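Everything in the sequence shown is counted per UniProt numbering, starting at 1 for the first residue and increasing by one. Here the structure is laid out as structure tokens; the discussion comes afterwards.
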Amino acid sequence: MPLELVTLPALSDNYTFLLHDSDIGETAVIDVPDADPIDAELTARGWTLSEIWLTHHHDDHIQGVEKLLSKHPARVTGALADKHRLPPLDRSVSDGDSFDFAGHEVQVMDVSGHTVGHIALYVPDARTVFTADSLMALGCGRLFEGTAEQMWDSLSRLAALPADTTVCSGHEYTAANAKFALTIDPDNAALISRADAISRARDENRPTVPSLLSEELATNPFLRASDQHVKDGLGLSQSPDAAVFAEIRKRKDAF
Numbered sequence: 001m002p003l004e005l006v007t008l009p010a011l012s013d014n015y016t017f018l019l020h021d022s023d024i025g026e027t028a029v030i031d032v033p034d035a036d037p038i039d040a041e042l043t044a045r046g047w048t049l050s051e052i053w054l055t056h057h058h059d060d061h062i063q064g065v066e067k068l069l070s071k072h073p074a075r076v077t078g079a080l081a082d083k084h085r086l087p088p089l090d091r092s093v094s095d096g097d098s099f100d101f102a103g104h105e106v107q108v109m110d111v112s113g114h115t116v117g118h119i120a121l122y123v124p125d126a127r128t129v130f131t132a133d134s135l136m137a138l139g140c141g142r143l144f145e146g147t148a149e150q151m152w153d154s155l156s157r158l159a160a161l162p163a164d165t166t167v168c169s170g171h172e173y174t175a176a177n178a179k180f181a182l183t184i185d186p187d188n189a190a191l192i193s194r195a196d197a198i199s200r201a202r203d204e205n206r207p208t209v210p211s212l213l214s215e216e217l218a219t220n221p222f223l224r225a226s227d228q229h230v231k232d233g234l235g236l237s238q239s240p241d242a243a244v245f246a247e248i249r250k251r252k253d254a255f
């Protein structure tokens, strides 16, 4: 049976995700910005929470863990490198590790950049990757701790996943990201079309997350720093890809 993915809004613009295997009856939640919507969804569906997976230490991704555990005891997984800044972990993981969830492999990827020790979790059987604030819908996270080179390396690794991968990122920033993306890649027909679709979705209060990696590869300027057309448009025709990414990130920070 395929794994079931549920996208839940939380706080003002966060997302959290439930991943459920109906055969085994196990459920994982990825990041816990707020326990209440997760508790309500689990109760409504009659699901038992078995796993909590944490991507990084920022409060808006972990602050609901203690409250959620008080109602739904579960095994907590997070990055060994971030252990000192996360809620108590039952399982510490590092880049290249994998673990089992209801008979499905979960692969751990270090995607440092937004923070150092940020991880993404890729579930091949679900064709889904949980990226939080690394790769985002039409964007990427600010470089609060890592370097542009680190983030470019992280994004490049995510970009190498199968194009039909569903990207579950952490925030509803897509409309603002689309406006910025059009300043970098204004003649990109796929981007123009996607921006229009995003505008309609937000007008109807529909989420724009998750997205498909194929969409991100075609339209996300932070994944397109190696594209010669993008380089030429920025006046960086001969620059290394990481330097082009750094310029795009710098422009977004000031946008």
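Using N, Cα and C, we set each Cβ at its ideal position, and we do this for glycine too. Quick caveat: nothing in here was measured; it's all calculated off a predicted structure.
| request: Within the same chain, show all residues whose beta-carbon is closer than 8 angstroms to that of L8, passing over the 5 residues directly before and after it, in chain order. | output: Within the same chain, L8 has close Cβ partners Y15, T16, F17, L18, P37, I38, E41.
| field | Continuous alpha helix (DSSP H) stretch holding Q107: start and end | value | First-last for Q107: 104-110, but that is the beta strand (DSSP E), not the alpha helix (DSSP H).
| K231: buried (16+ other C-beta within 10 angstroms of its C-beta) or exposed? | When all chains shown are included, K231 counts as buried.
| query | Which of the three DSSP states, helix, strand or coil, is assigned to residue 257? | reply | What the structure shows of the chain is the stretch from 1 to 255, and residue 257 is not part of that stretch, so it cannot be assessed.
| Assumed close pair S134, L158 - CB separation to whole angstroms, cut-off 8 angstroms | With a Cβ gap of about 7 angstroms, S134 and L158 count as contacting.
| Unbroken beta strand (DSSP E) run spanning P9, endpoints | Per DSSP, P9 belongs to the beta strand (DSSP E) from 4-10.
| Residues near R75 in its chain [Cβ-Cβ closer than 6 angstroms; skip 5 each side] | For R75, same chain residues with a beta-carbon under 6 angstroms away, outside a window of 5 residues either side, are E51, D90 in chain order.
| query | Apart from the five residues just before and just after T165, which ones in its own chain have a Cβ nearer than 6 angstroms to its Cβ? | reply | Around T165, the same chain offers R127, V129, L213 as residues with beta carbons nearer than 6 angstroms, after the five sequence neighbours per side are excluded.
| request: Have a look at the DSSP bridge pairing and note the partners of S98. | output: Answer is Q107.
| message | Tell me the rounded alpha-carbon separation between W47 and H72. | response | Whole-angstrom Cα-Cα distance: 10 angstroms.
| task | Verify whether the separation of the beta carbon atoms of D95 and V108 is less than 8 angstroms. | result | Yes; because the gap between Cβ atoms is below 8 angstroms, this pair is in contact.
| task | Kindly indicate the opening and closing residues of the beta strand (DSSP E) around G78. | result | Run containing G78: 75-79, per the beta strand (DSSP E) assignment.
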